[in-house]
Amino acid sequence: MSTNVLIVGAGPTGLSLALSLLRNGLSARIIEKQLQFHPGERGAAIQPRTLEVYKFLGVLPDFMEQSSPGPKNLQYYSAPDDGKPPRVAPVIEHTDDTPARPLNNSRMLGQNRQEAILREHILADYGCQVELGTELRSFEQHRDYVVAHVIKTVDSKQYVDNWAFRFVGETPPGIEVVIGDIHVLGDSIKQDHLDGWVLLRPCLVPGQNLFSFFFRGGSDLDLVKATSNREELIKVIHDLTGRKDIDFGELVWMSIWRPNIRMVDSFGKDRVYIAGDAAHVHSPTGGQGMNSGVQDSFNLAWKLALVQKGLAPKTLLESYSRERTPVIAAMLNKTTELFHKEFHAKLGQREDIFRGYELRQLGVNYRGSPFVVDERHTEKDEMIDPYRSGDDGTVHAGDRAPNAPSLARQDGETTTLFDIFKPIQHIALIFPGLAGQDFVGETIKTFREYPVGIVKSVLLLPASTAGSFSDLADMTLIDSEGYAYTHYVVAQDTPTVVIVRPDGYIGALVTSGRTGIRNYFGGIIL
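Counted the way the numbering used here counts, the sequence shown spans residues 106 to 631.
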């Protein structure tokens, strides 16, 4: 069977990659070695940046409808019960949405339900289905193609082979954790708190009182025995929490988790690329893993599509590893720090579970990438934090492209930049300043040097604009509330072009016009 891309693994990373590639007109085959889809919640936290990715992919409404806001507090009980009211500590602070950041808070939705949404869209839109019980055993790379040896299996035997990729990192000794999902009967645990240290997190499944559980072993706790059956598990939870009033129902699944904190030394070689758990493994603290995998895929997909179509040089794919490696390294540092705080703190000192704003991943950036062009900030910054950008009011090439609402169309309706951004093409935002139609005409003429569909030009005019530009760009909008000029830090008298990549990051900040545009696309398009 021939296909443009073979995707091995049908978790959120593989499915979001498949959807992105299919949106770009490529064919994809998705295989999964397990015989059935995993029933557990696992990575349930969807960070704001991932919600934005789902917006661009056209699936956000389903995620918002089925997800819920995460619990804000952690509630502590003593074991044995000391008679005092449970102590409450915050987990994450709610932040109001803003015009630039319209999805400012994380949502909770079990990974199994996230995968189901993505599978439904892939099937409904493209007729593409996940092939269960299908395993990649080996592959052979050739100059123009890859031969993959795929085997249909009738059992759930695990087969792991990292081929030419080397995992670098550590396996912290002496730490084992039991994870799983279980139903709770009655209302002995409220669904607006987390309970620990057994940690019991409400899954917020409509019509079900389902909780994920998470507890650490110790020298006096036999985790193998604790996970041998449902009754032993419940006994351990009762003993650890002192909450013998909790009645449990059906056990959905459970497993013993041992931490690995590692990442590969390269995210791709020749015609094989890896993402998500295949490229980095880490502590679940911080809710970064699943989200990082989705963003790996979104960074890779548009580049892979352009190269596969023969529109971009193969060197563009080198930017995938160049851009994601520092981001993932920073993520591992942050989640490892949280991991050590959480697992090495004494029971009464776990306020450090509070999650900072940067974990929402809106500050993740590719500043300094050799594949972005920044004519507004020309000095090299040696102190780039791959996880933090935009908090100081500046906007650089490589940053997340902010939203701007209240953009008036010619038909009188309004739209937003996030409604325009799509994973299939670059969006060129043209701020004409005082240069007028000559600058706009030359800019648009330059964009027309590239294949049809590569870039869509959007002319953004201040509310005070006089005259007509309507027939020059693919789309003309009036920035009626000034959000676009403000969020992109563009003065109304300074002609500027902002080229937003298909993954929603700023590929170029151009003030020179034609020269800067050609400089950026020179590394992107053949």
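We treat Cβ as the ideally placed atom computed from N, Cα and C, and that holds for glycine.
Please confirm whether residue i and residue j have their CB atoms less than 8 Å apart.
i, j, result
"ALA380", "LEU631", "no"
"LEU422", "GLY498", "no"
"SER125", "ALA578", "no"
"GLN400", "LEU131", "no"
"MET568", "ASP543", "Rather than Met, the amino acid found at residue 568 in this sequence is Ala. Going by C-beta atoms, ALA568 is not nearer than 8 Å to ASP543."
"PRO510", "PRO600", "no"
"ILE99", "ARG128", "Given a span of 106 to 631 for the chain in the structure shown, any question on residue 99 remains unanswerable."
"ASN404", "ASP608", "yes"
"VAL640", "GLY145", "Lying outside 106 to 631, the shown extent of the chain, residue 640 is not represented and no answer is given."
"GLN139", "LEU237", "yes"
"PRO207", "PHE523", "yes"
"PHE353", "VAL282", "no"
"VAL563", "ILE604", "no"
"ALA410", "TYR492", "no"
"GLY468", "SER494", "yes"
"ASN178", "VAL193", "yes"
"GLN515", "LEU464", "no"
"LEU566", "THR551", "no"
"ILE559", "VAL602", "no"
Is DSSP giving residue i helix, strand or coil here?
i, result
"VAL282", "strand"
"MET169", "helix"
"THR551", "helix"
"THR519", "strand"
"PRO507", "coil"
"VAL110", "strand"
"ILE351", "coil"
"ALA613", "strand"
"ILE151", "strand"
"THR483", "coil"
"PHE320", "strand"
"HIS343", "helix"
"GLU463", "helix"
"MET488", "coil"
"ARG128", "helix"
"ARG70", "The requested residue 70 does not occur in the structure, where the chain is confined to residues 106 to 631."
"ARG212", "strand"
"TYR625", "helix"
"ASN438", "helix"
"GLU423", "helix"
"LYS330", "helix"
"PRO144", "coil"
"THR499", "coil"
"GLN400", "helix"
Around the Cβ of residue i, are there at least 16 other Cβ atoms within 10 angstroms (buried) or fewer (exposed)?
i, result
"GLN141", "exposed"
"THR203", "exposed"
"LYS262", "With a pLDDT of only 42 at LYS262, under the threshold of 50, the placement of this residue in the model should not be trusted; the figure read from the coordinates follows. Exposed is the call here."
"ASP286", "buried"
"GLY612", "buried"
"THR200", "exposed"
"TYR593", "buried"
"ARG224", "buried"
"ILE112", "buried"
"ILE135", "buried"
"LEU228", "exposed"
"TYR264", "Residue placement at TYR264 is flagged as unreliable, the pLDDT there being 39, under the threshold of 50; the coordinate-derived value follows with that caveat. Classification of TYR264: exposed, given that the 10 Å Cβ count is below 16."
"LYS485", "exposed"
"ARG306", "buried"
"MET488", "exposed"
"ILE197", "buried"
"GLN234", "exposed"
"GLU220", "buried"
"THR118", "buried"
Mind checking who residue i pairs with in its DSSP beta bridge?
i, result
"HIS288", "LEU315"
"GLU245", "VAL252"
"ARG606", "According to DSSP, which records beta bridges pairwise, ARG606 is partnered with nothing at all."
"SER360", "ILE284"
"ASP584", "LEU512, PRO567"
"TYR378", "GLY373"
"PHE536", "THR601"
"PRO307", "PHE316"
"LEU237", "GLU137"
"VAL478", "ALA613"
"HIS531", "VAL560"
Determine, for residue i, whether the minimum Cβ-Cβ distance to residues of chain D falls below 8 Å.
i, result
"THR239", "No chain D appears in this structure, which consists of one protein chain only."
At least 3 beta-carbon pairs within less than 8 Å: the region 495 to 504 vs the region 519 to 526: no
At least 3 beta-carbon pairs within less than 8 Å: the region 213 to 221 vs the region 149 to 161: yes
Contact between the region 472 to 479 and the region 163 to 171 (3+ Cβ pairs under 8 Å): no
Contact the region 474 to 483 vs the region 615 to 624: 3+ CB pairs below 8 Å: yes
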